[in-house]
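FYI, my numbering numbers position 176 of the sequence shown as 216, with every residue one higher than the one before it. C-beta atoms are modelled at their ideal positions from N, C-alpha and C, and glycine is treated no differently. Note that this is a predicted model, so its numbers are computed, not measured.
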Amino acid sequence: MQIFGVDIGGSGIKGAPVDLDQGDLAQERCKVLTPHPATPESVADGVKQVVDHFGWTGPVGLTFPGVVTGGSTIRTAANVDKGWIDVDARALFSERLGGLPVTVVNDADAAGVAEVAFGAGRDRSGTVILLTFGTGIGSALFVDGVLVPNTELGHLELHGHDAEKRASSKAKEDGDLSWEQWAHRVQKYLAHVEMLFSPELFIIGGGVSRKAQKFLPLIEGIKAEIVPAQLQNNAGIVGAAMRAAKDSHQAS
Numbered sequence: 041m042q043i044f045g046v047d048i049g050g051s052g053i054k055g056a057p058v059d060l061d062q063g064d065l066a067q068e069r070c071k072v073l074t075p076h077p078a079t080p081e082s083v084a085d086g087v088k089q090v091v092d093h094f095g096w097t098g099p100v101g102l103t104f105p106g107v108v109t110g111g112s113t114i115r116t117a118a119n120v121d122k123g124w125i126d127v128d129a130r131a132l133f134s135e136r137l138g139g140l141p142v143t144v145v146n147d148a149d150a151a152g153v154a155e156v157a158f159g160a161g162r163d164r165s166g167t168v169i170l171l172t173f174g175t176g177i178g179s180a181l182f183v184d185g186v187l188v189p190n191t192e193l194g195h196l197e198l199h200g201h202d203a204e205k206r207a208s209s210k211a212k213e214d215g216d217l218s219w220e221q222w223a224h225r226v227q228k229y230l231a232h233v234e235m236l237f238s239p240e241l242f243i244i245g246g247g248v249s250r251k252a253q254k255f256l257p258l259i260e261g262i263k264a265e266i267v268p269a270q271l272q273n274n275a276g277i278v279g280a281a282m283r284a285a286k287d288s289h290q291a292s
């Protein structure tokens, strides 16, 4: 079974049909740059461009980099235009996609759902936390495989700042930090999260997960196991499609 997934990030909008039996992309993904400013209308245009690239006409799952309540309403917009707050994203995207059924989910939650079903969190009990390092830091918290949605742990305070302002991939790039310098910041952040939640497993996702060997060996003093996301930066696309398939099944 195939469902379309779209991952909306601070730097790119990427999507593809997803093979839900394999938990992987069915075709090579299409990516367009996230517009700046990332207003609801301009992002919806980018999503339409990605979906139209494949001529897709079925259900579409979309991630959003912020809190999403009720599968539709946007509550926060840390790394996109503030005009998103209180927008009915499901209605916006469905209208722009010609009435296709749409599901909207927090981006890190989508990535986490995919990793727990098909990747590094599969068959893991206890508390598992996926953290996506990109423009910001997204989080997905699972207890015995069950998602606690919209945790937003990237906004925990760390040394007087939002943690994502200090330890995201963007912070590494903006500060021209070495892998060692950045790993030290990530280590402090993980120690803070571990103190609060005592997870058995941290899964490190986002685009930087492709380079896990450059920084994970430098992180010390964390009791939890730390592993890179197996689906890497495709996890959000897969998780969005999974959620859309679930909604489509419930509606039928």
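State yes or no: is the C-beta of residue i within less than 7 Å of the C-beta of residue j?
i	j	result
Thr-172	Gly-86	no
Pro-57	Pro-99	no
Ala-252	Pro-268	yes
Asp-184	Ser-165	yes
Phe-104	Val-168	no
Gly-52	Lys-71	yes
Val-90	Gly-55	yes
Arg-136	Ser-112	no
Ile-43	Ala-285	yes
Thr-74	Gly-123	no
Val-278	Gly-63	yes
Gln-270	Gly-174	no
Glu-265	Leu-236	no
What three-state label does DSSP hand residue i in the structure shown?
i	result
His-76	coil
Gly-89	For the sequence presented, residue 89 should be read as Gln rather than Gly. Correct three-state label for Gln-89: helix.
Gly-52	strand
Leu-193	helix
Val-127	coil
Val-233	helix
Ser-134	helix
Glu-265	strand
Ser-209	helix
His-199	coil
With burial defined as no fewer than 16 other Cβ atoms inside 10 Å of the residue's Cβ, what is the status of residue i: buried or exposed?
i	result
Glu-204	buried
Thr-191	buried
With a cut-off of 8 Å on the beta carbons, I'd call residue i and residue j a contact; round off their distance for me.
i	j	result
Ser-208	Ile-177	5 Å
Tyr-229	Leu-181	Not quite, the Cβ-Cβ distance comes to about 15 Å (not below 8 Å), so this is no contact.
Ala-154	Met-41	Actually they do not touch by this definition, with Cβ atoms about 15 Å apart.
Cβ of residue i within 6 Å of any heavy atom in the ligand ZN?
i	result
Ser-218	The ligand ZN is absent from the structure shown, which contains no ligand whatsoever.
Could you name the residues that DSSP lists as bridge partners for residue i?
i	result
Leu-271	DSSP, once it has assigned bridges, lists no residue as partnering Leu-271.
Lys-71	Lys-54
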